[in-house]
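Peer 1: If you read the sequence shown in the working numbering, its first letter stands for residue 574, the second for the next number, and so on.
Every residue, glycine too, gets a C-beta built ideally from N, C-alpha and C.
These numbers were taken from a predicted model, which means no experiment stands behind them.
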Amino acid sequence: MLNHFFSVKDCPDTMGWIYEALKLKNNPYEYKGLGINKTLGLIFFNASLRTRLSTIKAAQNLGMETITFDVNKDGWQLETTHGGVMDGNHVEHIREAAAVMGGYCDILGVRAFPTFLSKREDYLEKYLRGFQEYAGVPIVNLESATLHPLQSFADLMTIEQHKKKKRPKVVMSWAPHIKALPQAVPNSFSQWMQYYDADFHIVHPKGMELDTKFTKNAKLSHNQDNAFKEADFIYVKNWSSYHNYGDIQKNRKEWMITLEKLQSTAQAKLMHCLPVRRNVVIADNAMDSQHSIIHDQAYNRVFATQLVLKKMLVS
Ligand code: CP
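1. Output the distance between the C-alpha atoms of K823 and M829, rounded to the nearest integer angstrom.
2. Considering only the alpha carbon of each residue, which of A753, H777, R740 lies closest to Q767?
3. Given a cut-off of 9 angstroms, decide if R874 and L723 are closer than it, judged by their beta-carbon atoms.
4. Which ranges would you report for the alpha helix (DSSP H) in the region 598-663 if only whole runs of at least 4 residues count?
5. Would you call S691 buried or exposed, if buried means 16 or more other Cβ atoms sit within 10 Å of its Cβ?
6. Measuring only from the beta carbon, is R623 closer than 8 angstroms to any heavy atom that is part of the ligand CP?
7. What are the uninterrupted segments assigned as beta strand (DSSP E) that are 3 or more residues long and contained completely in the region 689-745, given in chain order?
8. Kindly examine the ligand CP and report whether one of its heavy atoms sits closer than 8 angstroms to the Cβ of H890.
9. Please look up how many angstroms separate the CB atoms of A727 and Q870, rounded, as I've assumed it's under 8 angstroms.
10. CB-CB under 7 angstroms to R851, same chain, minus the five flanking residues each way: which ones, in chain order?
11. Closest to Y780 by C-alpha separation, out of I751, V744, N610, S814, would be which residue?
12. In or out: M745 buried (at least 16 other Cβ within 10 Å) or exposed?
13. Could you give the first and the last residue of the continuous alpha helix (DSSP H) run that contains L880?
14. Check whether the Cβ atoms of K742 and A804 sit closer than 9 angstroms, and answer yes or no.
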């Protein structure tokens with residue numbers, strides 16, 4: 574039985590899970606009875622389209638009920654530090670809130686982005702860890718300050734479905750953006766790629782190095798044209814600086830992904846987790862080209878999540 578799902582480290586057999594999730598995709602209602610009389614609570618501290626809807630759909634495919642709660646819109650502001658005097662804006666402590674939500678639900682999913690106020694605090698994952706400690710039920714990471722494992726799991730399923738050679742060249746490329754975005758998606762993708770047989774490259778401008786705890790033995794470079802040569806998959810993502818925490822690089826339009834750049838690859842498939850700002854991150858001519866498998870990626874989110882929930886439901 575799966576207790577919590579925070580990262581790839583909670584997945585004991587990455588390839589086995591990929592094959593199992595692809596099997597579920599072919600027969601989504603096979604385990605419809607598994608979740609009867611079980612409730613999945615979805616706790617959002619931040620906005621979401623794909624994660625919210627794909628997780629609800631995944632739960633429905635297993636026969637579960639869902640409760641969705643937007644903490645910042647509908648709930649009390651939560652305190653996470655211990656021993657403080659709560660005489661400010663924080664009305665309720667995570668100890669009580671998580672315990673109460675855990676009482677109403679059999680599994681909880683939590684989305685809590687970084688604040689960018691402090692790298693140390695963000696990388697401590699105080700919301701995820703607080704729910705793990707006090708909810709008393711399994712916790713699913715719906716994108717935390719540092720990781721987005723359900724996205725990465727779906728990404729690997731998508732590569733497995735589309736690859737034409739045993740060991741494809743996969744390039745994760747930084748692309749421009751107008752605001753500071755988390756490192757969660759690139760951290761997580763890098764981490765999952767360590768468990769997948771591929772020639773994995775990361776290309777980004779100088780200053781945008783990720784935490785080596787996640788990139789490990791990926792091939793790192795700063796020249797996009799060179800990195801794209803012979804690539805089978807281009808995974809596009811913006812992230813803000815890890816070392817100069819939250820810093821962004823403005824006016825880097827030369828890093829935007831275009832159809833011309835994709836044509837310099839080995840007919841690479843184009844990937845992005847969405848949402849994407851068109852003509853900032855990826856040009857229209859690339860987004861709308863035959864290279865894109867972005868919609869498949871989003872669709873696979875349902876079955877990656879369904880497998881994780883299934884593993885939590887089976888005793
Ligand atoms: N990719 C992804 O997690 O999308 P949402 O932020 O819309 O959930």
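Peer 2: Looking at the atomic coordinates:
1. Going by the C-alpha atoms only, they are around 12 angstroms apart.
2. R740
3. yes
4. 623-634, 644-647
5. exposed
6. yes
7. 712-714
8. With the chain represented from 574 up to 888, any question about residue 890 goes unanswered, as that position is not in the structure.
9. 6 angstroms
10. D857, M860
11. First, the residue type needs correcting, since residue 780 is Gly and not Tyr in the sequence shown. Closest by alpha carbon: S814.
12. buried
13. 867-886
14. In this structure, K742 places its C-beta atom within 9 angstroms of the C-beta atom of A804.
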